[in-house]
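S.K.: Structure below; questions to follow.
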Amino acid sequence: MRLSLRLAAALSCSVLAFAAVPAAQAESLPERVIVNLTETPATSLAFNWRAEAGGGEGFIEYAPLTPGPAYPQTAVRIAAKRTAAAFTTRDQEQVSADYYSVQLTGLTPNTQYVYRVGREGAWSAWRQVRTAAAEARPFTFLYVGDVQNDIRSMGGLAVRRALRQTPDAAFMLFAGDLINRADNDGEWGQWFDMDPHRLAETPSLMTPGNHEYMKPEGAEAQQLAPQWRLQFNLPDNGPSEWLSETVYRVDYQGVRVISLDADMMDEDPQSARDQLAWLEGQLTDNPARWTVILMHYPLYSTARGRDGAELRAVLQPVLDRHHVDLVLAGHDHTYGRGRPHDQGPVYMVSNVGPKQYPLGDIDWPVRKGSGIQVFQQIEATPDRLTVRAFTMDGLLYDAFQLDKTGQGAARLTDLKPATPELILRREDR
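Residue numbers -19 to -1, 1 to 410, in mature numbering (1 follows the signal peptide of the UniProt record, and there is no 0), belong to the letters of the sequence shown in order.
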């Protein structure tokens, strides 16, 4: 018996020692790999990742996708920009890592590419991604509201459902509050772990929410989480340097997507003026048939005790005048969709995460819900936008379409199902 125990202990130690080797190796591999859309998505793509501190230079290798395994032989290697970052979070969490960013340019429109990132001995898996077409063509994209809480255990489940149910999504929009505590690096890690392969293959755009901002002790103004610009590679075509990668626009196959930094617009008068002036220019000189605004705070709120009256007073006249089509928001942890003015946008408030609020006493939505996790598929053609909202169990919860044949506001057709609204969260808890 004693011999058996000794043997078992020895075997246990051997197994632990053997298991420690690949774990140590895995720490040096690239993590948090993500692909973002650029200002010119038909001919360029942006990539970010991070690795353990002190790893040195990093690279991306890429090539057009081939029918077989020949692509590594034709891959081009490009050096990435490396940023060595070390900081302490409010929770006294020590973060030390190398962050890498690179933008590929001169790509061929509507083409599948394969790529990997890292360095010799520490490469990621090969992944594939497609550039946009150079002209307006039909495509589908995803939009989700706040992930924010219980990211690993529950929020990621709904995001994976959205991606699985939309395998051909051209890109994905996140309406802010990706995490709960701005500088909590563990939460950011959970966000990237929601679906690491799809986040590295499906381009994404995100706008910051109030939970991406923090106000460190002694600071006069709030600050964007340091991870935002380190681990995302978003367009830098906004109104000012201090709003870079939070306020921007992307034109994708006939759809103009505009990100507004709603939290800074709400907190800082100068930011509000800068964003409004820039927005006027983007809407005036707009070659796209369709215009979509992505922002965290809703102009029309859905949650109890909330109202976006101040933002609404400033923004709605601009959006109405330029016949913006969709305004996609989060923040309220409920669902709502409506068009308060015939010449204005359709406003949507959505929530993909498990944090839920009760509905307010509201009459602007034609479809609403609470206590549900929802994601949206948006199908775009040159003349029509079709929007479908699904609960995370796959139920079609809401739908509508917008048709546009000339100048002016699009024609709205309501396609919501006859199923009852789900009002599952009625009281604050």
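A virtual CB, placed ideally from N, CA and C, is assigned to each residue, including glycine.
List the endpoints of the continuous alpha helix (DSSP H) containing Glu261.
M.R.: 250 to 265 is the span of the alpha helix (DSSP H), which, as asked, contains Glu261.
S.K.: Per DSSP, what kind of secondary structure is Asn191 in: helix, strand or coil?
M.R.: Reduced to three states, the DSSP call for Asn191 is helix.
S.K.: Where Arg348 and Arg318 are concerned, what is the direct C-alpha to C-alpha distance, given to the nearest angstrom?
M.R.: Cα to Cα, Arg348 sits roughly 6 Å from Arg318.
S.K.: Going by Cα to Cα distance, which pick from Leu366, Asp374, Arg254, Asp232 is closest to Leu186?
M.R.: Answer by Cα proximity: Asp232.
S.K.: Within this structure, are the beta carbons of Val295 and Glu182 separated by less than 7 Å?
M.R.: Not closer than 7 Å, so no.
S.K.: Any idea what DSSP makes of Arg392, helix, strand or coil?
M.R.: If DSSP states are grouped into helix, strand and coil, Arg392 belongs with the strands.
S.K.: Could you tell me the distance, in whole angstroms, from the CA atom of Glu248 to the CA atom of Gly350?
M.R.: The straight-line gap from Cα to Cα measures roughly 29 Å.
S.K.: Excluding the 5 residues preceding and the 5 following Leu(-17) in the sequence, name in chain order all residues of the same chain whose CB lies nearer than 8 Å to its CB.
M.R.: For Leu(-17), the pLDDT reaches just 38, beneath the cut-off of 50, and the residue's location in the model is therefore unreliable, although a value from the coordinates is still provided. Answer for Leu(-17): no residue qualifies.
S.K.: Within the continuous beta strand (DSSP E) that includes Tyr52, where are the two ends?
M.R.: Unbroken run through Tyr52 is the alpha helix (DSSP H), 52 to 55; no beta strand (DSSP E).
S.K.: Starting from Phe173, trace the alpha helix (DSSP H) in both directions and tell me its first and last residue.
M.R.: Its alpha helix (DSSP H) spans residues 166 to 173.
S.K.: Tell me the DSSP secondary structure of Leu292 in three-state form.
M.R.: In the structure shown, Leu292 sits in a helix (DSSP, three-state: H, G or I).
S.K.: For Gln337, which residues of its own chain have a beta-carbon under 6 Å away from its beta-carbon, when the five flanking residues on both sides are left out?
M.R.: Only His314, Gly352, Arg406 meet the Cβ criterion.
S.K.: For Gln234, name the three-state secondary structure that DSSP assigns.
M.R.: Of the three classes helix, strand and coil, the one that applies to Gln234 here is coil, per DSSP.
S.K.: Can you give me the C-alpha to C-alpha distance between Gly36 and Trp209, rounded to a whole angstrom?
M.R.: Each residue's alpha carbon lies about 21 Å from the other.
S.K.: Identify the continuous alpha helix (DSSP H) that holds Pro184 and give its terminal residues.
M.R.: Here Pro184 belongs to no alpha helix (DSSP H), and DSSP marks it neither H nor E.
S.K.: Closest to Arg285 by C-alpha separation, out of His277, Val333, Ile404, would be which residue?
M.R.: Closest by alpha carbon: Ile404.
S.K.: Please report how far the alpha carbon of residue 413 lies from the alpha carbon of Ser252, in whole angstroms.
M.R.: Coverage of the chain is limited to positions -19 through 410, which leaves residue 413 absent and any answer about it impossible.
S.K.: Using the Cα positions of Tyr328 and Val308, report the straight-line distance between them to the nearest angstrom.
M.R.: If I take the Cα positions, the gap works out to 5 Å.
S.K.: Would Pro363 and Gly235 be called neighbours here (beta carbons separated by less than 7 Å)?
M.R.: For Pro363 and Gly235, yes; Cβs fall inside 7 Å.
S.K.: Given this structure, state the Cα-to-Cα distance separating Arg100 from Lys385, to the nearest angstrom.
M.R.: Straight-line Cα distance between these residues: approximately 49 Å.
S.K.: Reducing DSSP to helix, strand and coil, say where Val140 ends up.
M.R.: Helix.
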